[in-house]
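Here's the structure we're looking at; comments come further down.
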Amino acid sequence: MAIEYATNGDAKIAYETFGSTGEPLLLVLGIDYQMVWWNDAFCERLVEAGFHVARYDNRDTGLSTHYPEPAKGSRRPLYTMNDMIDDGLAVMDALGWAGAHVLGGTSAIAQGMALLHPGRVRGLTLCMGSPATAGVLRTLRYLKLGFFKEFRKLPKATTSEQKIENEVAIYRAQASPGYPFPEKWVREAATLGHERSPRDPRTTRRHMAAGRAVKLPPLSGITAPTLVVSGADDPMLKPNAGRDLAAQIPGAQFVEYPGVGHDLPEGIWDDVIARMPRSARIA
């Protein structure tokens, strides 16, 4: 796939597409993950189901614009979640999409897009998420903090190979215990991501600051048909995270998959795709 770029102010947002016709579908990932973590095979499966798929790198990740460190003492975030929401809309604009279905993976951005730009979001699927409106303290209650303590046990990486191995170890820790671990794909994605742009811990802090800088309206304002997908064995999020998310969105369908962790294993792809809300079913 050829990399294209959309422009939002001073940001150039790298994106690529799968398919050329069908229902527009924008894939949105959360904190500091590059678009390569949307499995190519999953994207192709979506195309087979009748979607025209676009995925993109959030700003400060992958091939999109990266920002220099601000001057010392500056407390203002470099950008806010509103800017990151607009990045996704810029990709839609570049593709000529007036509206699209939005599939978010651990993404407050996808929730914000549906809240602030309801006319652009035809349908919404939220995976591995919690309410973006919860605030810091409530969000902490959704997290299984023991999971994050495991990161401290990872060896300090000084070479590219060690950094890639740590990426694989992190994904393994969050993967679904009831499904085979896709080690070949995970290693390929980690390697490609490192080659495109090595993970920078500053990006995580910046993305979190961008979220804190914006107060979203209540999730009850989402009007798009919504599917919320959670893993019953998610090692990162407690079970009530996805349930609370679905309960706050009018008419949302909630599905919890046994054996699924903080990822989307191939074994549930077809079922998730079949449940995704569509503005126009394709026979």
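Here the numbering used here runs 1022 ahead of the position in the sequence shown, where the first position is 1.
Don't be surprised by glycine CBs; every beta carbon is placed ideally from N, CA and C.
All of these numbers come straight from a predicted model, not from anything done at the bench.
Sub-9 Å separation of residue i and residue j beta-carbons
i: Leu1117; j: Ala1132; result: no
i: Ala1136; j: Ile1244; result: yes
i: Asp1172; j: Val1190; result: The sequence shown places Glu at residue 1172, rather than the Asp named in the question. Their beta carbons are not under 9 Å apart, which means Glu1172 does not touch Val1190 by this criterion.
i: Ala1130; j: Ala1154; result: yes
i: Val1124; j: Val1143; result: yes
i: His1074; j: Asp1082; result: no
i: Leu1047; j: Ala1076; result: yes
i: Glu1066; j: Arg1224; result: no
i: Thr1148; j: Thr1248; result: Here residue 1148 is Leu; the residue named in the question, Thr, does not match the sequence. Yes, these two residues count as a Cβ contact at 9 Å.
i: Leu1286; j: Val1294; result: yes
i: Ala1211; j: Asn1061; result: yes
i: Tyr1164; j: Ala1268; result: no
i: Leu1238; j: Gly1141; result: no
i: Asp1115; j: Gly1031; result: no
Inter-residue CB distance, residue i and residue j (contact presumed, cutoff 8 Å)
i: Gly1041; j: Val1069; result: 4 Å
i: Val1250; j: Ala1274; result: 5 Å
i: Ile1053; j: Glu1038; result: So it is not a contact: roughly 21 Å between Cβ atoms.
i: Ile1192; j: His1216; result: The Cβ separation is near 13 Å, so there is no contact.
i: Gly1283; j: Asp1266; result: Their Cβ separation, rounded to whole angstroms, is 19 Å, which puts Gly1283 and Asp1266 out of contact at 8 Å.
i: Ser1152; j: Leu1259; result: 6 Å
i: Arg1297; j: Gln1056; result: That belief does not hold up - the Cβ atoms of Arg1297 and Gln1056 are roughly 26 Å apart, past 8 Å.
Three-way DSSP call (helix, strand, coil) for residue i in this model
i: Ser1152; result: coil
i: Gly1034; result: The question names Gly, yet the displayed sequence has Lys at residue 1034. Looking at Lys1034 - three-state DSSP - the assignment turns out to be strand.
i: Gly1168; result: helix
i: Ser1182; result: helix
i: Phe1073; result: strand
i: Gln1275; result: strand
i: Ser1129; result: coil
i: Leu1085; result: coil
i: Arg1228; result: helix
i: Arg1144; result: strand
i: Thr1039; result: strand
i: Ala1122; result: strand
i: Pro1223; result: helix
i: Leu1259; result: strand
i: Gly1253; result: strand
i: Glu1091; result: coil
i: Val1113; result: helix
i: Tyr1055; result: coil
i: Tyr1101; result: coil
i: Tyr1193; result: helix
i: Ala1028; result: strand
i: Val1050; result: strand
i: Thr1248; result: strand
Residue i versus residue j: straight-line alpha-carbon distance, rounded
i: Lys1178; j: Gly1110; result: 34 Å
i: Gly1126; j: Tyr1078; result: 12 Å
i: Val1050; j: Thr1180; result: 30 Å
i: Ala1197; j: Asn1104; result: 30 Å
i: Ala1071; j: Met1150; result: 22 Å
i: Arg1227; j: Thr1128; result: 16 Å
i: Arg1160; j: Gly1253; result: 20 Å
i: Val1158; j: Val1236; result: 12 Å
i: Leu1085; j: Met1106; result: 15 Å
i: Ala1120; j: His1139; result: 11 Å
i: Arg1194; j: Asn1188; result: 10 Å
i: Ala1231; j: Gly1168; result: 23 Å
i: Glu1045; j: Leu1162; result: 36 Å
i: Glu1183; j: Ala1246; result: 43 Å
i: Glu1288; j: Lys1094; result: 45 Å
i: Ala1300; j: Pro1261; result: This sequence places Arg at residue 1300; Ala is not what is there. One C-alpha to the other measures close to 26 Å.
i: Ile1290; j: Tyr1279; result: 8 Å
i: Gln1270; j: His1229; result: 24 Å
i: Ala1063; j: Thr1043; result: 18 Å
i: Ala1156; j: Phe1170; result: 20 Å
i: Arg1174; j: Trp1207; result: 25 Å
i: Arg1234; j: Asp1292; result: 35 Å
i: Leu1176; j: Ser1096; result: 31 Å
i: Pro1220; j: Arg1209; result: 14 Å
i: Asp1222; j: Lys1166; result: 23 Å
i: Ala1033; j: Pro1272; result: 34 Å
Min CB distance residue i to chain C below 9 Å
i: Phe1073; result: Given the protein chain composition of this structure (a single chain), no chain C is represented.
Taking 8 Å as the cut-off, does the segment 1194-1202 touch the segment 1094-1106 (at least 3 CB pairs, one atom from each stretch)? No: the two stretches stay apart, fewer than three of their Cβ pairs being nearer than 8 Å.
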